[in-house]
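Remarks on the structure that follows.
In the working numbering, the protein residues as written are 4 to 185.
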């Protein structure tokens, strides 16, 4: 079993923000592999979709706890399903990476990302896989980071997002293949 967690904020007003890039990547993966629609699960405080691919059950998760509390949802899922932490991947926006770039890491610090900070705090370790989606732009030099991440992508950035999401889907596939031969 593999758990793939996209980070973002619930509520329609956040849907197109930079901070919801993780949700958008998960949606793109779910669409490409024809996962069932996400459904809210009160027990996990998350929207969940699951499907078997090859021999593995893949569970896609969008916490509905808001970014800063993502660890609450993730911890409940890990406690219930009990996967190995190496079978867990989180996907999120990163203001330290240029817009359009992706970076896969096996672990490390939160880098100041509050959602990842919450995961580390709840897991008690930094050792879990992450796929970072770069969102940085020159706007960061003229506005506070919080305002930037809760802002929407520019129209030019939106035009580039389908190609970025395609790369993210390929990275998720690579993670799954490396973990189990899916």
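We put the beta carbon where it would ideally sit given N, CA and C, even for glycine.
Where residue i sits in the DSSP three-state scheme
{"i": "residue 105", "result": "strand"}
{"i": "residue 48", "result": "coil"}
{"i": "residue 72", "result": "helix"}
{"i": "residue 153", "result": "coil"}
{"i": "residue 31", "result": "helix"}
{"i": "residue 145", "result": "coil"}
{"i": "residue 37", "result": "coil"}
{"i": "residue 58", "result": "coil"}
{"i": "residue 129", "result": "coil"}
Nearest-angstrom Cα separation, counted from residue j out to residue i
{"i": "residue 141", "j": "residue 105", "result": "18 Å"}
{"i": "residue 48", "j": "residue 11", "result": "13 Å"}
{"i": "residue 97", "j": "residue 29", "result": "16 Å"}
{"i": "residue 63", "j": "residue 174", "result": "15 Å"}
{"i": "residue 4", "j": "residue 154", "result": "35 Å"}
{"i": "residue 150", "j": "residue 139", "result": "13 Å"}
{"i": "residue 19", "j": "residue 158", "result": "11 Å"}
{"i": "residue 165", "j": "residue 31", "result": "9 Å"}
{"i": "residue 88", "j": "residue 110", "result": "11 Å"}
Same chain, Cβ closer than 7 Å to residue i, five either side skipped, listed in chain order
{"i": "residue 123", "result": "113, 129"}
{"i": "residue 103", "result": "137, 163, 167"}
{"i": "residue 77", "result": "8, 66, 122, 125"}
Cut-off 6 Å between Cβ atoms - residues of its own chain near residue i, not counting five sequence neighbours on either side
{"i": "residue 13", "result": "67"}
{"i": "residue 92", "result": "7, 132, 178"}
Residues of its chain near residue i, where Cβ-Cβ distance is below 8 Å and the 5 sequence neighbours each way are ignored
{"i": "residue 52", "result": "33, 38, 39, 40, 41, 42, 62, 63"}
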